[in-house]
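Numbering (this note's numbering), first residue to last: 2 to 332.
Okay, structure coming up:
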């Protein structure tokens, strides 16, 4: 039993759960300026009110798990990406404050609505920049970061930042299709109809640029047996996107969100194919960055208890609030 691989799977699972589950409420924040002031905005906020803060549990698990299970990776990545990570955290904090205060301070609701949107945009864009900076490579000498303060800021990282913001907006629009009704449902469908093509264009741009960042990316996708994935992934992605498009236009309300999740799953799978088994692509493998075996085993006992508990209360909360939402809450 290789505990290092088990912990890599746990961290990847936590990150994937965060991207999916916090992605749609960040996406709603990005769409907020396009939602009419009044009952429609209240309906959009009510759709995520019971679950948005619990979704961020996975971010804590992913970040804390990285520090505990792969301390060398944490020690290198954090100084390399201080600026976007701090920006992300500030965006999440400001968004959370705005979420609560727009209800408790109605006299300044316009300010809190703008803060909710800007905080969501900052968090989403910073997360995308963090991903892009990690993919393009971090300069490492020995066991420490050896780059500069602004190495993360490149055209590629800006592209991934914009791409993730568009992806989250699509996820938010499809969530609103599923969970709302009336005018807001129709508005979400209209936005999803242009967000899906925009998302596909962004994914194509990032996918075309990525193989030229590191030699291992090019080998993974254009040499045997990785070339098989190069043929399979676009077909799978195109098929799911087509079903999503049909769902947005005239399908059942749950279908666009389910297929949007499928698109996210495929992009995450592609990311995994590109970087495995590195935790810092081209520099540090998961085994080089891993904590001692005894530490991994000790933490695994706690994770074996906590993760099922988190999954259980998350599933229960989504089950309780499983219906449509109106201006005054869930039906």
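For every residue, glycine included, the Cβ atom is placed at its ideal position computed from N, Cα and C.
- A direct Cα-Cα distance of roughly 22 Å separates residue 71 from residue 127.
- If you draw a straight line from the Cα of residue 215 to the Cα of residue 283, it is about 7 Å long.
- Counting the other Cβ atoms within 10 Å of the Cβ of residue 295 gives fewer than 16, which makes it exposed.
- Under the three-state reduction of DSSP output, residue 155 falls in the coil class, being neither helix nor strand.
- In this structure residue 207 is buried. Its beta-carbon is surrounded by 16 or more other beta-carbon atoms within 10 angstroms.
- In the structure shown, residue 3 falls within a coil segment according to DSSP collapsed to helix, strand and coil.
- Per DSSP, residue 36 lies in no beta strand (DSSP E) segment and is marked neither H nor E.
- For residue 274, the enclosing alpha helix (DSSP H) begins and ends at 255-276.
- For the options 82, 301, 37, the alpha carbon positioned closest to that of residue 146 is the one of 82.
- For the pair residue 63 and residue 13, the Cα-to-Cα distance works out to about 8 Å.
- Beyond the five residues adjoining it in sequence on each side, residue 260 comes within less than 7 Å, by CB distance, of 241, 244, 245, 248 in the same chain, given in chain order.
- Of all alpha-carbon atoms in 26, 11, 54, the one lying nearest the alpha-carbon of residue 315 is that of 54.
- Here residue 168 is not near residue 31, since their CB atoms are 8 Å or more apart.
- Only exposed fits residue 38, as fewer than 16 other CB atoms lie within 10 angstroms of its CB.
- Distances from the CA of residue 140 to each of 69, 217, 304, 78 were compared; the closest alpha carbon is that of 78.
- Annotation: residue 170 to residue 250 spans about 17 Å, alpha carbon to alpha carbon.
- As the crow flies, the alpha-carbon of residue 160 is around 14 Å from that of residue 85.
- Each of 218, 191, 129 was checked against the Cα of residue 203, and the nearest Cα belongs to 129.
- Here residue 93 has 124 as same chain residues with Cβ atoms under 6 Å from its own Cβ, once five neighbours each way along the sequence are excluded.
- When 280, 305, 308, 322 are compared, the shortest CA-CA separation from residue 73 is found for 280.
- The C-alpha of residue 178 is placed about 10 Å away from the C-alpha of residue 184.
- In the structure shown, residue 145 adopts extended strand secondary structure according to DSSP, grouped into three states.
- According to DSSP, residue pairing for residue 285 in a beta bridge involves 281.
- The beta carbon of residue 173 is closer than 6 Å to those of 25, 28, 29, 32 in its chain, skipping five residues each way along the sequence.
- Rounded to the nearest angstrom, the Cβ distance from residue 110 to residue 103 is 5 Å, consistent with a contact under 8 Å.
- CA-CA distance, residue 198 to residue 153, rounds to 28 Å.
- Per DSSP, residue 201 is one residue of the alpha helix (DSSP H) stretching across 184-210.
- For residue 58, the closest alpha carbon among the candidates 300, 313, 323, 324 is that of 313.
- Within a 10 Å sphere around the beta-carbon of residue 162 sit 16 or more other beta-carbons, which makes this residue buried.
- For residue 66, the enclosing alpha helix (DSSP H) stretches over residues 58-70.
- Residue 225 carries a coil assignment under DSSP once its states are collapsed to helix, strand and coil.
- In the DSSP assignment, residue 125 falls within the unbroken alpha helix (DSSP H) covering 110-137.
- Secondary structure note for residue 317: its alpha helix (DSSP H) is the uninterrupted segment 294-321.
- Spatial neighbours of residue 116 in its own chain (CB-CB distance under 7 Å, excluding positions within 5 residues in sequence) are listed in chain order as 95, 99.
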